[in-house]
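Inspection log for the structure reproduced underneath, given as structure tokens.
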């Protein structure tokens, strides 16, 4: 996947500490990661491993305490439409219809009304919500809300889509459908996706690379390239072999602690 | 879309199931019937209490009803208050809505500043918290000194009564915006001051609206106090004058008119709210 010479995202020895009352929390320690354009990368780990912190640093919501986070070689200094975030709890604007939520970014960029509507409608179609264009978020199911959230960042021409456990709150059936839809969109648009999850299956099903992270302090344990052919069969022996290997890496810190 | 299919579903239900029509009729009448039970019981009690002369100071419902007609259109007693209802009601309404509008004019921007700007909060919040428990009645003497006897004073007191609910709900509304929405807006390219108009204001609308509704209700609530300041016109003035004249029938008429006017004005506000806040699942009064 070495099509571009400069990686789209480069995380160099990034650490992040938070001050929580008297305590210093080492959320992320010395993380280094480089992502090429078009890659689908999953960050996986138990809670407290720093995967969300790393994602939020890529988004520009947090600044690293040490090290640097670069996009196309330039420091990430704050949120930017080039990096779209999909939140676990959707974070849709409840007062806007589906169409206006998706058109929020284009409208903020100062596009004309007709153009905003055309853009929004294009992405409403992409996620199959034509029948709900004028519905409000509270009228939608969780799966539909997350489709709106995905369409919203795509409508804003995001090159890099950051997803923070986006399907974590959905039921199993809806989650599988959205995983398929996401892969379909990714393959058609050649976006770069960084996807945080705590499910090994989800990571193996989706990713080109699975970055395993471990807590206390949060750090990158290993970076695993998957060569399984797509579409992937979760019941295949190959899939299960990868699951075993990653499972062992994911739980490695437990045995270390026990020792 | 979903709404339209729901409406059509209801229509076919009505056409097919004519046998259960009385049932559907009851379902529609039920809220009205239930709402009338307590007032009717109270009316019956009032009737019994006054005809049996448990008290001689309160007129019967019939007498009050008769006086209400005279108060509204005249032709029965033809005294100083006959056919003056409209002018008193209009005088009170102008004070209620005027005072309310003035209160909103101050409370909304102050609330937004106190809610969003730490400096404004430190500057104004302690002062406002100390002023807030002082009831409107306590302000009456000072208001008469500051604004004189008459309409200006009434206006100021109504304004004061409506001010705090609008202020507090505005502060609450602009402060309790989900922080995720700011992140969502900024990653979509909406930053800085634009976030105030695109995120804070719409997110705070349900709270602000609740504040406006409570404020208008309180404006009606304090109108009698407001019109204790020696204004010649207004429902509050009528009640105060009728009290000194021992005209209890007139007092009760004034009370009923204030109640109904306040109720109707609240219904209008709720209807506007339900329209504007269609998006909010929790906002249906």
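Chains as they are written, first to last, in the numbering used here: chain D, 11 to 269; chain F, 404 to 688. We put the CB at the ideal spot given by N, CA and C, even for glycine.
Using the C-alpha atoms, what's the distance from residue 581(F) back to residue 147(D)? 15 Å
Using 8 Å for Cβ pairs, my map puts residue 220(D) next to residue 256(D). What's the rounded Cβ distance? 6 Å
Quick check: what's the CA-CA separation for residue 258(D) versus residue 129(D)? 45 Å
On a Cα-Cα basis, can you pick out the residue from 612(F), 484(F), 648(F) that is closest to residue 514(F)? 612(F)
Taking the C-alpha atoms as reference points, what is the distance between residue 578(F) and residue 476(F)? 50 Å
Kindly confirm or deny that the stretch 563–572 of chain F and the stretch 78–86 of chain D touch, where touching means at least three C-beta pairs closer than 8 Å. no
Kindly say whether residue 681(F), judged by its beta-carbon, lies nearer than 8 Å to any beta-carbon of chain D. yes
At the 8 Å Cβ level, is residue 608(F) part of the contact set with chain D, yes or no? yes
For residue 210(D) versus residue 54(D), is the C-beta distance shorter than 8 Å? yes
Pick from 75(D), 50(D), 215(D), 67(D): whose alpha carbon is nearest that of residue 34(D)? 75(D)
Between residue 173(D) and the rest of its own chain, which residues show a CB-CB distance below 6 Å, the 5 nearest in sequence each way excluded? 96, 205
Indicate whether residue 507(F) and residue 618(F) have their beta-carbon atoms separated by less than 8 Å. yes
Alpha carbon of residue 28(D) to alpha carbon of residue 587(F), nearest angstrom: 22 Å
Under 9 Å from the C-beta of residue 583(F): neighbouring residues of chain D: 97, 99, 100, 101
Contact set for residue 683(F): own chain, Cβ-Cβ below 7 Å, skip 5 residues either direction: 609
Would you say residue 77(D) faces chain F, with C-beta separation under 8 Å as the test? no
By the three-class DSSP mapping on this structure, what secondary structure does residue 107(D) have? coil
Would you kindly work out how many angstroms separate the C-alpha atoms of residue 680(F) and residue 550(F), rounded to a whole number? 38 Å
Would a C-beta distance cut-off of 8 Å place residue 143(D) and residue 583(F) closer than the cut-off? no
Ends of the alpha helix (DSSP H) at residue 491(F)? 488–519
In three-state DSSP terms, what is residue 166(D)? coil
Look at the alpha carbon of residue 36(D) and the alpha carbon of residue 120(D), and state the distance between them as a whole number of angstroms. 40 Å
Given a limit of 7 Å on CB to CB distance, which residues of the stretch 497–514 of chain F reach chain D? none
For residue 113(D), the nearest candidate out of 198(D), 133(D), 99(D) (CA to CA): 133(D)
Relative to chain F, which residues along the stretch 59–87 of chain D have a C-beta separation below 7 Å, given in chain order? 69, 71
Taking one C-beta from the stretch 646–664 of chain F and one from the stretch 459–472 of chain F each time, how about it: are there three or more such pairs within less than 8 Å? yes
How should residue 685(F) be labelled, buried or exposed, when 16 other C-beta atoms within 10 angstroms of its C-beta is the threshold for buried? exposed
In terms of residues, what are the limits of the beta strand (DSSP E) holding residue 29(D)? 19–30
Backbone CA spacing between residue 181(D) and residue 516(F) [nearest angstrom]: 42 Å
Exposed or buried, residue 122(D), counting other C-beta atoms within 10 Å across all chains shown (16 or more means buried)? exposed
Chain D contacts from the stretch 574–599 of chain F (Cβ-Cβ distance under 9 Å): 581, 583, 584, 586, 587, 588, 589, 590, 591, 592, 593, 594, 597
Quick test of your reading: residue 367(F) and residue 634(F), contact by CB under 8 Å. State the CB separation rounded to the nearest angstrom. Residue numbering for chain F in the displayed model covers 404 to 688; residue 367(F) lies beyond these limits and cannot be assessed.
How many Å lie between residue 564(F) and residue 622(F) at the Cα? 6 Å
Could you spell out the range, first to last residue, of the alpha helix (DSSP H) harbouring residue 94(D)? Residue 94(D) -> not in any alpha helix (DSSP H); beta strand (DSSP E) instead, spanning 93–96.
Is residue 196(D) buried or exposed, if buried means 16 or more other CB atoms sit within 10 Å of its CB? buried
Proximity test, Cβ basis, 8 Å: residue 521(F) and chain D: no
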